[in-house]
Structures are given as C-alpha cells and as structure tokens.
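Residue numbers (our numbering): -13 to 145.
From the three backbone atoms N, C-alpha and C, an ideal C-beta is built for every residue, glycine too.
To keep things clear, I will list the structure first and then write my remarks on it.
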C-alpha cells in the first residue's frame, strides 16, 4: 500500500513539473502568460500619476517599460524602471508563468492590474534573498516600503 501511495505521489509530482511552461528566451514577439496586443500601451512613467488619481487602488493598465531585474530563482517576479528613484514590482497572475533572466534590459509590454502597496519587512527581505543580495543588505531592511505593484496577466517583448 505504501508503495502505491509513493508511486501515485511521484506521478503527480512528475505531471506538475511537466505541466509548467518552459521559459523561452526574451526575443521580439515572444509572449509570456496570456496573449496580449501591444497597441495602446502607455509609458510606465505615467503610471504613478494614474495610481494617484485612483487613490492607489487596483487599476487595469497596459504599460510599456524596461526590465531592470528578474528573480534569478524562477523568473517569478521582475522590476521595471519608472525613473531614477522608482521601480515597479511585477508578479505573474496566479503564479501561472515565469520570465527568463535574459529579460533584463529588454523593453516589454505588460497587461494587468497596477496598485500601490505597503510591502512588509519580511517580504522585502524575502525578495532580497531571492535576488541573492548580500546578508548585510538584507539585514539593513528594517522599514516597510510603499511601492508600485503590477499583477501581469500577459507580457510581450515587442517587435
């Protein structure tokens, strides 16, 4: 009986691994998540004003931005350049897709929901660990941080 349970669990695990989408290189035209149209995307520099107008609440948006960082573990999050002092943190809807490391430096179009969020110290430290930051930098995180978040349902590398 134990062998049957073990075989069933291994089979489920193998199917789960097999079911996850392979991350393809970030080449022009490549899409991650839902297929999206790049037309009508606003520059990410306009996002802070849009969120301020909506009191930081969830706002549907299609944005165009440059990727400055990607989670080195799985590609499950990334940071986008807004200006010299601000970035936007992006997660993938329902943890349903990941992006490759070579996305860094590319300009992408994302569709989803933008919002403002206060990120806890524990969560900030977790992301710093994911990004393989030095322990001294992780320990220096002592205050929660207000940030711009984006939940992407689809990401496309434009032509």
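Task: Residues near residue 90 in its chain [Cβ-Cβ closer than 6 Å; skip 5 each side] - done: 53 and 56
Task: Where residue 100 sits in the DSSP three-state scheme - done: In the three-state reduction of the DSSP assignment, residue 100 falls in the strand class, which pools E and B.
TODO: Ignore the nearest five residues each way along the sequence and tell me which others in residue 31's own chain have a CB closer than 8 Å to its CB.
DONE: 68 and 69
- [ ] Can you give me the start and stop residues for the alpha helix (DSSP H) that residue 116 sits inside?
- [x] Looking at the DSSP string, the run of the alpha helix (DSSP H) that includes residue 116 is 107 to 116.
Task: Contact between the segment 27 to 43 and the segment 57 to 65 (3+ Cβ pairs under 8 Å) - done: no
Open item on the list: Can you check which of these residues, 34, 114, 92 and 97, is closest to residue 73 by C-alpha distance?
Closed with: 34
Open item on the list: Checking the sheet assignment: what are the DSSP bridge partners for residue 66?
Closed with: 53 and 74
TODO: Grab the span of the beta strand (DSSP E) containing residue 131 for me, first residue to last.
DONE: 131 to 142
- [ ] Using a threshold of 7 Å, state whether the C-beta atoms of residue 152 and residue 75 are closer than that.
- [x] The shown model of the chain, from -13 to 145, leaves out residue 152, and the question about it has no answer.
Task: Cβ pair count under 8 Å reaching 3, the segment 104 to 113 against the segment 13 to 22 - done: no
Open item on the list: If you measure between the beta carbons of residue 143 and residue 12, is that distance less than 7 Å?
Closed with: yes
- [ ] Sort 48, 50 and 102 by Cα distance to residue 38 and report the nearest one.
- [x] 102
- [ ] Measure how close the beta-carbons of residue 99 and residue 51 come, nearest whole angstrom, since I'm counting them as under 8 Å.
- [x] Between residue 51 and residue 99 the Cβ distance is about 15 Å, and since that is not below 8 Å, they are no contact.
Open item on the list: For a test of your reading of the model: does the CB of residue 60 fall under 6 Å from any non-hydrogen atom of the ligand FAD? Yes or no.
Closed with: Summarising the ligand content, the structure contains no ligands, and the ligand FAD is consequently not present.
Task: Exposure of residue 36, with buried meaning 16 or more beta-carbon neighbours within 10 Å - done: exposed
Open item on the list: If you reduce the DSSP assignment to three classes, tell me which class residue 125 lands in.
Closed with: DSSP places residue 125 in the helix class (H, G or I) of the three-state scheme.
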